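**Student:**
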Amino acid sequence: MSDTPSSTPTVDREEIEKIAELARIRIAADQAGEVAERITRILGMVDTLQAADTDGVEPMANPLDATQALRPDEITEENRREAFQAIAPAVENGLYLVPKVID
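If you want it as structure tokens, here you go:
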């Protein structure tokens, strides 16, 4: 990623191809340039948000003055692990077995 004078990072085609390889996704060669432009625009929007003055603004989880009503911490469903594991492709000692996904 290179920085332009406006400090907005830009992403080039080579970086898109490298990121796609690391993420194990396929991006057609003719679309890599367009994807790079889109990501550069997104990074520009992030810069705009980061430039907003938030001094004196309290962090919040919800923009409304409402509190979350909590329910009692009680078990509401029965344990159906055995039923789910009976239809799973591979189970061992109560654990689901999945294929290796990272080389």
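For the sequence shown, numbering that gives the first Met the number 0 begins at 0 and goes up steadily by one.
Here a beta-carbon is modelled for each residue, glycine too, at the ideal position from N, C-alpha and C.
Note that the structure is a prediction, hence the values are computed from the model and not measured.
1. Would you kindly work out how many angstroms separate the C-alpha atoms of V45 and P71, rounded to a whole number?
2. Would you report the Cα separation of G55 and I26, rounded to the nearest angstrom?
3. Residues in the same chain with beta-carbon distance under 7 Å from E20, minus the five sequence neighbours each way, listed in chain order, please.
4. Short check: CB of A31 to CB of D11, under 7 Å?
5. Hey, which unbroken runs of the alpha helix (DSSP H) at 4 residues or more fall wholly within the stretch 9-70?
**Tutor:** According to the structure data:
1. Position 46 of the sequence shown, counting from 1, holds the residue named residue 45. Position 72 of the sequence shown, counting from 1, holds the residue named residue 71. Straight-line Cα distance between these residues: approximately 39 Å.
2. What you label residue 55 is simply residue 56 of the sequence shown in a count that begins at 1. What you label residue 26 is simply residue 27 of the sequence shown in a count that begins at 1. Distance between the alpha carbons of G55 and I26: 43 Å.
3. As a first step, residue 20 must be located in the sequence shown, where it is residue number 21. Closer than 7 Å at the Cβ level, and outside the excluded window around E20, lies no residue.
4. Start at 1 with the first residue of the sequence shown, and residue 31 comes out as number 32. Start at 1 with the first residue of the sequence shown, and residue 11 comes out as number 12. Going by C-beta atoms, A31 is not nearer than 7 Å to D11.
5. Runs of the alpha helix (DSSP H) spanning 4 or more residues and lying entirely within the stretch 9-70 occur at 12-21, 31-49, in chain order.
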